[in-house]
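The block underneath contains the structure these notes are about, expressed in structure tokens.
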Amino acid sequence: MFLRCSVYLMRTTARFLHCVRGITSISTDDSLLAVPYRDFDVLISDIDENELIEIGAAYNIENMSVGAFSSTPFPAMGRIHERNFRLMIPLKQKILNVWFLANSSSPYTYLTVKMIEELVGPGFSHDLHNIVIHDSERYIECHISRAHFANVNSLGMYAMEGLEVSIDFD
4 MFLRCSVYLM
14 RTTARFLHCV
24 RGITSISTDD
34 SLLAVPYRDF
44 DVLISDIDEN
54 ELIEIGAAYN
64 IENMSVGAFS
74 STPFPAMGRI
84 HERNFRLMIP
94 LKQKILNVWF
104 LANSSSPYTY
114 LTVKMIEELV
124 GPGFSHDLHN
134 IVIHDSERYI
144 ECHISRAHFA
154 NVNSLGMYAM
164 EGLEVSIDFD
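Residue numbers (my numbering): 4 to 173.
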């Protein structure tokens, strides 16, 4: 089930984490967080690879399909998905369209092992990669999706801050 509601990821000039962290870099220095990276986990049991295929088919943007960066990367349009109201936004990563959960409450960005291997090749799915996501000028720290959300690509708040975007409901 898909709701008829558009979700936009928009550029913003507000630095909503700036005053909390006191820095503008996208750092995973977990001394500044309430929940350090090594302890962070979230259970997302309603989205898996089959769900991403279904989302892609419904909106004619296949997950991991070939894409291209545009000269104006934002706004990016997404959809609210299913009864759990997951904010799903297809963002361009290198040359692939990648569906991300955009409001997981995570400060960190996660990619599935399958996605990392698709981007950088098999055998390179170590924990941390600097990846270009949707804006060819900015690199985002991406971790491997953890056990409770191993099949979900999740866009973290640090990435949203670094991309200078916010979520706007239409």
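Even for Gly, the Cβ is constructed at its ideal location relative to N, Cα and C. Note that the structure is predicted; figures quoted are calculated from it, not measured.
For a quick check, are the C-beta atoms of Phe152 and Val45 less than 8 Å apart?
In the sequence shown, the residue the question calls residue 152 occupies position 149. In the sequence shown, the residue the question calls residue 45 occupies position 42. Yes, these two residues count as a Cβ contact at 8 Å.
Give, in chain order, every unbroken run of the beta strand (DSSP E) that is at least 3 residues long and sits entirely within the stretch 85-114.
For the stretch 85-114, whole beta strand (DSSP E) runs of length 3 or above, ordered along the chain, are 89-96, 99-104, 112-114.
What are the partner residues of Asn133, as DSSP defines its beta bridges?
Counting from one through the sequence shown, the residue named residue 133 turns up at place 130. DSSP lists Glu144 as partners of Asn133.
So, with DSSP's three-state summary, where would you put Val168?
For this step, residue 168 is matched to residue 165 along the sequence shown. Reduced to three states, the DSSP call for Val168 is strand.
Quick one: Cα of Asp138 to Cα of Glu144, how far?
As a first step, residue 138 must be located in the sequence shown, where it is residue number 135. As a first step, residue 144 must be located in the sequence shown, where it is residue number 141. Their Cα atoms are separated by approximately 14 Å.
Quick check on the burial criterion: 16 or more other C-beta atoms within 10 angstroms. Buried or exposed for Val168?
Your numbering for residue 168 matches position 165 in the sequence shown. It counts as buried.
Could you give the DSSP three-state label for Met175: helix, strand or coil?
Residue 175 cannot be examined here, being either before or after the span of the chain that is shown, 4 to 173.
From the DSSP output, in three-state form, read off Arg149 for me.
As a first step, residue 149 is located in the sequence shown; it is residue number 146 there, counting from the start. Arg149 falls in the coil class under three-state DSSP.
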